[in-house]
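Take a look at the structure set out below.
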Amino acid sequence: MADRSLHLAALILLGAAMCGAQPRGRILGGREAMSHSRPYMASVQVKGKHVCGGFLVAEQWVMSAAHCLEDVADGKVQVLLGAHSLSQPEPSKRLYDVLRAVPHPDSRPDTIDHDLLLLQLSEKAVLGPAVQPLPWQREDRDVAAGTLCDVAGWGVVSHTGRRPDRLQHLLLPVLDRATCNLRKYHDGTITNSMMCAESSRRDSCKGDSGGPLVCGGVAEGVVTSGSRVCGNRKKPGIYTRLASYVAWIDGVMAEGSAA
């Protein structure tokens, strides 16, 4: 009996150690995406290094998360399109300068509210099989709980900070807002402008911030840049709902096109 108790205690300690070592900032439990199967995906880069995900929403516009550029003071921001591997040469890859970065005016460093960023490219993207805009949701209605949605990114894949060179992806079920707002989860902090997806060992996280949550071929949300522990089933993934920001998105892009 004592031996069994010691064995159980050892298993509990081992489990705790494994949870404690759970890396932040990666797509947990995902797999490599099929090459160029998500032609809308963008790598937002500062000084030549990947900092966040993003996605093409129009020929000259990329959507990402406002928190991604909070700590960028003087670094040159660029967007890589048409990539599967970040390092290997690919005919479809092209790096674009950013003409204008427009975070949502109500985004703040101390909250994940309104965590959206629009990046205007210095020129229209060259479209092709590996570079295409992604339709985004304009109808303001919630995605049904349990709906499987796709999230992808190049976030780090180990607690040592190692990053995947190739795009990773994951399917996650949507969690209804009422459940996500329970005290044991996010305790009332999920607004109508946010949505949640389950996060039990399979999750998106900070390194994937700015990437899209795609449901039925349409971008419903954007991965927020929150500092929660990834893969913790008690802290479901949080996504900014694009349908809540139609007027702002349309306004920024119209203003940029007229400039």
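Here the sequence shown is numbered in UniProt numbering, starting from 1 and rising by one per residue. Even glycine gets a Cβ: it sits at the ideal position worked out from N, Cα and C.
Within-8 angstroms CB hit, residue i to chain C
i	result
Ile249	Note that chain C does not occur in the displayed structure, where there is just one protein chain.
Backbone secondary structure at residue i - three-state DSSP
i	result
Thr179	helix
residue 293	Only positions 1 to 259 of the chain appear in this structure, which leaves residue 293 out of reach.
Val218	strand
Leu69	helix
Ser244	helix
residue 260	Nothing can be reported for residue 260, as the shown portion of the chain is limited to 1 through 259.
Ile238	strand
Ala2	Because Ala2 sits at a pLDDT of 45, beneath the cut-off of 50, its placement in the model cannot be relied upon, and the following sentence gives the value as read from the coordinates. Ala2 falls in the helix class under three-state DSSP.
Arg24	For Arg24, the predicted structure reports a pLDDT of 32, less than 50, and the residue's modelled location is therefore unreliable. A value from the coordinates is still provided. Reduced to three states, the DSSP call for Arg24 is coil.
Neighbourhood of residue i by C-beta distance below 6 angstroms, restricted to the same chain and skipping five residues each side
i	result
Gln137	Val218, Glu220, Leu242, Ala243
Met195	Gly221, Tyr239, Arg241
Asp106	His114
Cutoff 8 angstroms; reference residue i; Cβ partners in own chain excluding five residues on either side
i	result
His186	Cys180, Cys196, Lys235, Pro236, Ile238
Ile12	Confidence at Ile12 is low in this model, with a pLDDT of 33, below 50, so the placement of that residue should be treated as unreliable; the coordinate-derived value is given next. None.
Gly75	Val46, Lys47
Gln88	Asp165
Ser257	Gln60
Sequence-distant residues of the same chain with beta carbon closer than 7 angstroms to residue i, five excluded per side
i	result
Arg94	Leu81, Gly82, Val126
Val57	Met63, Pro133, Leu134, Trp136
Glu255	none
Val252	Val102, Leu118
Arg166	Glu32, His84, Ser85
Pro39	Pro129, Ala130, Val131, Gln132
Phe55	Tyr40, Met41, Ala42, Val62, Met63, Leu134, Gly211, Pro212, Ala219
Ser209	Cys52, Gly53, Ala65, His67, Cys68, Val223, Thr224, Ser225
Ala17	Annotation note: pLDDT 32 at Ala17 (below 50); position unreliable, coordinate value reported separately. No residues qualify anywhere along the chain.
Ser92	His36, Gly82, Gly128, Ala130, Val131
Selected residue, minimal CA-CA separation from residue i, among the options
i	options	result
Val98	Trp248, Gln60, Glu198	Gln60
Leu116	Arg108, Glu123, Ser122	Arg108
Ser35	Gly251, His169, Leu121	His169
Ser199	Gly153, Leu175, Thr147	Leu175
Ala144	Gln120, Ala178, Glu123	Ala178
Cys215	Val131, Thr147, Arg163	Thr147
Thr224	Val72, Asp71, His67, Ile190	His67
Leu121	Asp208, Val44, Ile112	Val44
His151	Ala258, Val72, Gly53	Residue 151 is actually Val in this sequence, not His. Checked all of Ala258, Val72, Gly53; the closest Cα to Val151 is Gly53.
Tyr96	Asp71, Lys124, Pro89	Lys124
Ile112	Gln88, Ile190, Leu182, Lys49	Ile190
Val72	Pro91, Pro89, Lys49	Lys49
Asp110	Val79, Cys149, Ser92, Glu70	Glu70
Asn192	Tyr245, Val79, Val77	Tyr245
Leu171	Cys149, Arg183, Gly188, Lys184	Cys149
| Quick check: the segment 139-147 against the segment 94-104, are there 3 or more CB pairs under 8 angstroms? | Between the segment 139-147 and the segment 94-104, the count of C-beta pairs closer than 8 angstroms stays below three; the two stretches do not touch.
| message | Please give the ranges of any beta strand (DSSP E) in the segment 94-162, keeping only runs that are unbroken, at least 3 residues long and fully inside the region. | response | At a cut-off of 3 residues, the continuous stretches assigned as beta strand (DSSP E) that sit fully inside the segment 94-162 are 94-103, 117-121, 148-153.
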